[in-house]
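Okay, structure first, notes after.
Number of protein chains: 2
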Amino acid sequence: MEQTNRPTVIRTVDALREALAPTRRAGQRIGLVPTMGALHQGHRSLMDRARAECDLVVVSIFVNPRQFDRASDLQAYPRTEEADLQLVADAGADLVFAPATDEVYPAGFGAEVRLRGPLVETLEGAHRGSGHFHGVTTVVSKLFNMCRPDVAYFGRKDAQQALVIAQLVRDLDFGIRIETCPTIRDPDGLALSSRNSRLSPSERQRALTLKQSLDIAAELVAGGTTDPETIIAAATTVLSGVSLEYFALVDPRTLEPVSSIDRPVLAAIAAEVGEVRLIDNLTLLP
Amino acid sequence: MEQTNRPTVIRTVDALREALAPTRRAGQRIGLVPTMGALHQGHRSLMDRARAECDLVVVSIFVNPRQFDRASDLQAYPRTEEADLQLVADAGADLVFAPATDEVYPAGFGAEVRLRGPLVETLEGAHRGSGHFHGVTTVVSKLFNMCRPDVAYFGRKDAQQALVIAQLVRDLDFGIRIETCPTIRDPDGLALSSRNSRLSPSERQRALTLKQSLDIAAELVAGGTTDPETIIAAATTVLSGVSLEYFALVDPRTLEPVSSIDRPVLAAIAAEVGEVRLIDNLTLLP
Numbered sequence: 001m002e003q004t005n006r007p008t009v010i011r012t013v014d015a016l017r018e019a020l021a022p023t024r025r026a027g028q029r030i031g032l033v034p035t036m037g038a039l040h041q042g043h044r045s046l047m048d049r050a051r052a053e054c055d056l057v058v059v060s061i062f063v064n065p066r067q068f069d070r071a072s073d074l075q076a077y078p079r080t081e082e083a084d085l086q087l088v089a090d091a092g093a094d095l096v097f098a099p100a101t102d103e104v105y106p107a108g109f110g111a112e113v114r115l116r117g118p119l120v121e122t123l124e125g126a127h128r129g130s131g132h133f134h135g136v137t138t139v140v141s142k143l144f145n146m147c148r149p150d151v152a153y154f155g156r157k158d159a160q161q162a163l164v165i166a167q168l169v170r171d172l173d174f175g176i177r178i179e180t181c182p183t184i185r186d187p188d189g190l191a192l193s194s195r196n197s198r199l200s201p202s203e204r205q206r207a208l209t210l211k212q213s214l215d216i217a218a219e220l221v222a223g224g225t226t227d228p229e230t231i232i233a234a235a236t237t238v239l240s241g242v243s244l245e246y247f248a249l250v251d252p253r254t255l256e257p258v259s260s261i262d263r264p265v266l267a268a269i270a271a272e273v274g275e276v277r278l279i280d281n282l283t284l285l286p
Numbered sequence: 287m288e289q290t291n292r293p294t295v296i297r298t299v300d301a302l303r304e305a306l307a308p309t310r311r312a313g314q315r316i317g318l319v320p321t322m323g324a325l326h327q328g329h330r331s332l333m334d335r336a337r338a339e340c341d342l343v344v345v346s347i348f349v350n351p352r353q354f355d356r357a358s359d360l361q362a363y364p365r366t367e368e369a370d371l372q373l374v375a376d377a378g379a380d381l382v383f384a385p386a387t388d389e390v391y392p393a394g395f396g397a398e399v400r401l402r403g404p405l406v407e408t409l410e411g412a413h414r415g416s417g418h419f420h421g422v423t424t425v426v427s428k429l430f431n432m433c434r435p436d437v438a439y440f441g442r443k444d445a446q447q448a449l450v451i452a453q454l455v456r457d458l459d460f461g462i463r464i465e466t467c468p469t470i471r472d473p474d475g476l477a478l479s480s481r482n483s484r485l486s487p488s489e490r491q492r493a494l495t496l497k498q499s500l501d502i503a504a505e506l507v508a509g510g511t512t513d514p515e516t517i518i519a520a521a522t523t524v525l526s527g528v529s530l531e532y533f534a535l536v537d538p539r540t541l542e543p544v545s546s547i548d549r550p551v552l553a554a555i556a557a558e559v560g561e562v563r564l565i566d567n568l569t570l571l572p
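If you read the sequences in order, they're chains A and B.
Each residue of the first sequence is one higher than the one before, counting from 1 in the working numbering.
Each residue of the second sequence is one higher than the one before, counting from 287 in the working numbering.
The structure is reproduced here in structure tokens:
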């Protein structure tokens with residue numbers, strides 16, 4: 001039997017601090033699962049991991065306008081709070097922190113937390129603009145300070161974001177452990193994403209070719225092919241009815257392009273399917 | 287009798303966290319006095335305030351290269367660690383955190399915390415370049431995360447910096463109380479500054495005219511003069527043998543110029559005396 005009580009929903013930073021104070025005073029472990037809502041089983045897997053490891057689990061739900069490069073994308077981003085609260089309750093998380101936009105960015109707000117270097121400039125940084133990751137590192141810094149968790153959980157589906165967050169924690173000394181959890185997929189292979197709900201049935205069929213292209217690359221690498229150009233050419237031929245932004249083979253830690261595949265490599269893809277932008281990735285082992 | 291034991295000196299972030307853990311677990315109050323060393327009675331007044339209000343007082347000593355706009359200024363900045371430790375011991379502070387530069391900025395460091403808006407763009411921001419306050423907000427964010435104090439103490443001599451830090455704490459939700467303490471002056475009126483040790487006797491005489499200019503402005507405002515131009519013209523005539531960067535009459539909270547003085551106003555001055563750049567300020571009451 002899964003738990004079906006509605007979790008406690010908190011809307012303000014002050015109330016969050018108050019709710020967390022007893023746990024903190026008791027020296028117990030606080031886990032944070034930061035989300036933009038429209039929760040799915042990928043988020044659920046993060047909550048399950050947090051529930052197993054922490055005394056108190058906070059799920060934040062905040063669609064962060066500062067990390068969207070396009071107003072249309074922000075507006076179309078799915079918002080499903082009632083269903084989200086049920087999923088959080090089922091996962092047995094303790095608190096939902098779901099602030100309004102002006103609680104996070106009140107009038108006069110003027111701070112920005114940014115990283116420099118290849119981690120934020122390549123792949124998503126190059127295609128969505130540098131403002132995307134500045135928006136991510138700013139809101140995550142705020143959430144970290146609001147919640148002061150011991151551990152925070154992110155999904156490997158956003159592999160670059162997880163690396164960026166890890167560098168943020170290192171560079172600014174947050175003293176928070178970052179756990180990156182495996183991508184969860186539907187049985188047909190599609191990586192779970194809040195954006196999938198916007199796909200029509202035919203778009204969904206086309207979206208499957210993203211994972212298929214990653215699988216082809218994985219097979220080639222496993223079979224001994226070492227030349228990135230050969231692999232990318234073969235992998236991208238399977239894409240059908242999607243508008244490719246990038247298919248890249250990069251170092252899994254630095255995200256810099258590799259010239260020959262003699263170690264594990266990250267294959268990362270971004271493509272638009274209709275009006276929905278999707279990303280996926282896979283670690284390829286020679 | 288003042289205490290003369292040498293304080294505990296900590297060089298690494300890990301050791302700092304370990305040293306603070308018991309105090310934090312006990313729910314006791316931690317106070318941080320961030321400094322760049324070359325400590326004087328202005329710093330001492332911050333430590334005294336922290337000692338009176340907190341269970342554990344940390345004094346950080348770190349000459350932050352990222353907030354210096356000129357390499358020559360960074361190189362010339364006084365470093366007097368042995369004397370600093372004696373002053374900290376006399377003040378009864380508990381811990382000195384004095385990390386090396388590469389402990390704070392290790393290889394691969396790439397983060398920056400910045401504010402936007404008039405607070406960082408005017409006065410010091412305009413004259414030292416925007417990088418100055420970005421350097422301040424970055425290192426202070428790091429020190430806050432390393433130490434996680436309940437309260438942090440800054441001097442009003444750096445009035446703009448104190449306002450910038452207050453906005454940083456608000457915007458990024460640090461949950462730290464900022465206390466700004468009065469400027470301490472020598473009997474002749476010179477505001478205490480680590481840079482004063484670099485003044486020759488004749489430069490020191492000239493440096494006194496900064497405070498004299500502020501006093502003239504204060505007298506005019508107290509006497510009913512309301513026109514900023516009139517006040518600035520009269521105040522700056524007393525400056526002698528110094529190279530004025532700015533003399534400004536601004537709103538004490540926003541630092542925006544005032545057009546008529548009908549409320550308390552901040553008079554702020556920056557000037558070079560020989561090769562030493564000095565700042566000072568005074569709140570003027572009509």
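All residues carry an ideal CB built from backbone N, CA and C; glycine is no exception.
Computed from a predicted model, the values in this text were never measured in an experiment.
CB A:V9 to CB A:L85, shorter than 8 Å? Closer than 8 Å, so yes.
Same chain, Cβ closer than 7 Å to B:T569, neighbours up to 5 away in sequence not counted: Cβ neighbours of B:T569 within its own chain (closer than 7 Å, five residues either side excluded): P538, P550, L552.
Chain B within 8 Å of A:D186, Cβ atoms only: With 8 Å as the cut-off, A:D186 does not count as an interface residue toward chain B.
Using the beta-carbon of each residue, which ones in chain A are nearer than 7 Å to B:L454? Correct list: A111.
Output, in chain order, the set of chain A residues within a Cβ distance shorter than 8 Å of B:G313. Against chain A, the beta carbon of B:G313 has neighbours under 8 Å at R25, listed in chain order.
Please state whether the Cβ-Cβ distance between A:I261 and A:T209 is less than 8 Å. Cβ distance not < 8 Å, so A:I261 and A:T209 don't count as in contact.
Spell out a yes or no on whether the stretch 74-82 of chain A and the stretch 114-133 of chain A are touching, meaning 3 or more CB-CB pairs, one atom from each, closer than 8 Å. Flag = no, the stretch 74-82 of chain A and the stretch 114-133 of chain A do not touch.
So, is A:E124 buried or exposed, given that buried needs 16 or more other C-beta atoms within 10 angstroms? Buried.
Would you mind telling me which residues of chain B sit closer than 9 Å to A:M146, beta carbon to beta carbon, in chain order? Simply D459, G461.
Which runs of the beta strand (DSSP E), 3 residues or longer, sit entirely within the stretch 99-137 of chain A? Under the rule that a run must span 3 or more residues, the beta strand (DSSP E) segments found entirely inside the stretch 99-137 of chain A read 111-115.
Using a C-beta cutoff of 8 Å, does A:G117 count as contacting chain B? Closer than 8 Å: yes.
Assuming B:V319 and B:V343 are in contact, meaning their beta carbons sit under 8 Å apart, how far apart are those beta carbons, in whole angstroms? Cβ-Cβ separation between B:V319 and B:V343: approximately 7 Å, consistent with a contact (criterion under 8 Å).
Among the residues of its own chain, which have a CB less than 8 Å from the CB of A:I165, if the five just before and after it don't count? V136, T137, V140, A152, F154, I178.
Check the Cβ-Cβ distances between B:M287 and every residue of chain A, and say whether any is below 8 Å. Reliability fails at B:M287, whose pLDDT of 46 lies under 50, so the model's placement of it is uncertain and the value that follows must be treated cautiously. Chain A contact via Cβ: absent.
List the endpoints of the continuous beta strand (DSSP E) containing B:D566. Where B:D566 is concerned, the enclosing beta strand (DSSP E) stretches over 562-570.
Please look up how many angstroms separate the CB atoms of A:S194 and A:P78, rounded, as I've assumed it's under 8 Å. With 8 Å as the limit, A:S194 and A:P78 qualify as a contact, their Cβ atoms being about 6 Å apart.
Going by beta carbon distance, what residues of the same chain come within less than 7 Å of A:R6, once the five residues before and after it are set aside? L85, A89, listed in sequence order.
Are the Cβ atoms of A:I231 and A:A217 separated by less than 8 Å? Taking the C-beta atoms as reference points, A:A217 is found nearer than 8 Å to A:I231.
Using a 10 Å radius around the Cβ and a threshold of 16 neighbouring Cβ atoms, would you call B:T387 buried or exposed? By the beta-carbon neighbour count (other beta carbons within 10 angstroms, threshold 16), B:T387 is exposed.
Three-state secondary structure (DSSP) of B:I464: Reduced to three states, the DSSP call for B:I464 is strand.
Tell me the DSSP secondary structure of B:T511 in three-state form. The answer is coil: DSSP assigns B:T511 none of H, G, I, E or B.
Residues within the stretch 132-144 of chain A neighbouring chain B, beta-carbon criterion of under 7 Å: So the close ones are S141, K142.
Where A:G27 falls, given that 16 or more other Cβ within 10 Å makes a residue buried: So A:G27 counts as exposed.
What do you get for B:L506, buried or exposed, if any count of 16 or more other CB atoms within 10 angstroms of its CB means buried? By the neighbour-count criterion, in which 16 or more other beta carbons inside 10 Å mark a residue as buried, B:L506 falls on the buried side.
A:S202 - DSSP class collapsed to helix/strand/coil: A:S202: helix per DSSP, three-state reduction.
Bridge partners of A:P257, per DSSP? As computed with DSSP, A:P257 is found in a beta bridge with A:V250.
Rounded Cβ spacing between A:L239 and A:A271 (contact assumed at less than 8 Å): Rounded to whole angstroms, the Cβ separation of A:L239 and A:A271 is 7 Å, and the two are in contact under 8 Å.
In angstroms with no decimal places, state the Cα-to-Cα distance between A:M1 and A:R44. The predicted position of A:M1 is uncertain, since its pLDDT is 45 and thus under 50; a value taken from the coordinates is nonetheless stated next. A:R44 has its alpha-carbon roughly 16 Å from the corresponding atom of A:M1.
With a cut-off of 8 Å on the beta carbons, I'd call B:T466 and B:A477 a contact; round off their distance for me. With 8 Å as the limit, B:T466 and B:A477 do not qualify as a contact, their Cβ atoms being about 14 Å apart.
According to DSSP, is B:A312 helix, strand or coil? Secondary structure at B:A312: coil, using DSSP grouped into helix, strand and coil.
With a threshold of 8 Å on Cβ separation, who are the neighbours of A:A19 within its own chain once the five nearest residues in sequence on each side are excluded? Excluding positions up to five away in sequence, the list reads T8, I10, L95.
Burial state of A:R198, where buried means 16 or more other Cβ atoms lie within 10 Å: Buried, because 16 or more other Cβ atoms sit within 10 Å of the Cβ of A:R198.
Can you give, in chain order, each stretch of the alpha helix (DSSP H) that sits fully within the stretch 298-361 of chain B and has at least 4 residues? Segments of the alpha helix (DSSP H) lying fully in the stretch 298-361 of chain B: 299-311, 327-339.
Contact list for B:R241 against chain A, beta-carbon separation under 7 Å: An answer regarding residue 241 of chain B cannot be provided, because it is not within the stretch 287 to 572 covered by chain B.
Does the beta-carbon distance from A:A362 to A:A268 come in below 8 Å? Lying before the first or after the last residue shown, residue 362 of chain A is absent from chain A, which here runs from 1 to 286.
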